[in-house]
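Residue numbers (the working numbering): 614 to 860. Even glycine gets a Cβ: it sits at the ideal position worked out from N, Cα and C. Below: one structure, written as structure tokens.
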Ligand code: PGA
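Printed below as a string of structure tokens:
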């Protein structure tokens with residue numbers, strides 16, 4: 614199982630970041646899950662550079678630029694240089710700040726060009742009775758992946774994060790049946806895009822109010838390969854509980 618801790622802008626001091634990193638490192642000794650931390654950019658640099666532990670790091674986003682006279686931009690190459698191995702791309706909070714499907718496709722290519730594994734976030738705003746949310750998610754996945762070379766496509770990890778579940782509590786998160794249906798659907802969409810139609814090679818994660826109360830239920834039988842966790846990942850005790858629940 615992948616456990617991606619999306620620290621967003623919740624962690625703003627290096628002391629707290631170091632405490633969370635220390636707890637995460639200890640967890641790698643008692644858990645087979647793959648823990649990926651996604652801190653704000655400067656903190657990622659401080660923790661990931663010369664990191665020798667089993668913890669891996671993800672950028673929360675990467676720039677659309679590839680270097681040059683672009684003040685304030687952090688490129689995929691910089692993230693790779695300081696030790697990131699993954700990049701979250703297309704998070705709904707970045708989409709809300711202006712990232713379109715076209716921009717996201719380009720960022721995916723930049724990430725892959727620097728050897729970063731993209732974690733592509735997709736998810737509908739609301740669910741409608743006609744099932745239009747399915748075509749919405751299909752379009753987000755297809756537009757991001759179709760311009761990549763076939764062998765690059767299978768490297769992309771998809772994180773399904775319906776907006777209606779983000780930043781709430783376990784009680785308003787998705788049910789495990791709803792999640793199971795969506796994971797199957799996403800694998801079907803990916804199968805159409807993958808060479809040899811091999812969807813088994815894809816990893817599909819879920820994110821949106823994953824908490825100790827629901828993580829086990831969501832993991833069991835839904836077919837997900839892991840979780841992208843926001844607010845519950847920045848409290849060391851809660852994060853440790855989440856990781857242990859998946860053991
Ligand atoms: P949340 O955030 O766990 O706080 O809902 C998840 C995310 O936005 O990635």
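Hey, how far is the Cα of residue 617 from the Cα of residue 755? Here the alpha carbons of residue 755 and residue 617 stand approximately 23 Å from one another.
State the Cα-Cα distance for the pair residue 730 and residue 752, rounded to the nearest angstrom. Straight across, the Cα-Cα distance linking residue 730 with residue 752 is about 21 Å.
Measuring from the CB of residue 735, is there a heavy atom of ligand 1 at a distance below 8 Å? Within 8 Å of the C-beta of residue 735 there is not a single heavy atom belonging to ligand 1.
So, for residue 736: in the same chain, excluding its five sequence neighbours on each side, which residues have a beta-carbon less than 7 Å away from its beta-carbon? Cβ within range, chain order: 705, 750, 773, 774, 775 and 776.
Ligand 1 and residue 845: does the residue's C-beta get closer than 8 Å to at least one heavy atom of that ligand? Yes, since a heavy atom of ligand 1 falls inside the 8 Å radius drawn around the Cβ of residue 845.
Of all the alpha helix (DSSP H) runs that stay within the bounds of the segment 726 to 770, which reach a length of 4 or more residues? Fully enclosed alpha helix (DSSP H) runs of 4 or longer: 745 to 758 and 763 to 766.
Per-residue DSSP class, three states only, for residue 617: It is a strand residue.
DSSP puts residue 702 in a beta bridge; with which residues? 733, per the DSSP bridge assignment.
Indicate whether residue 640 and residue 648 have their beta-carbon atoms separated by less than 9 Å. The beta carbons of residue 640 and residue 648 sit closer together than 9 Å.
Between which two residues does the alpha helix (DSSP H) harbouring residue 852 extend? Residue 852 -> alpha helix (DSSP H) spans 849 to 858.
Look at residue 820 and residue 621 and say whether their C-beta atoms are less than 9 Å apart. With contacts defined by Cβ atoms closer than 9 Å, residue 820 and residue 621 do not form a contacting pair.
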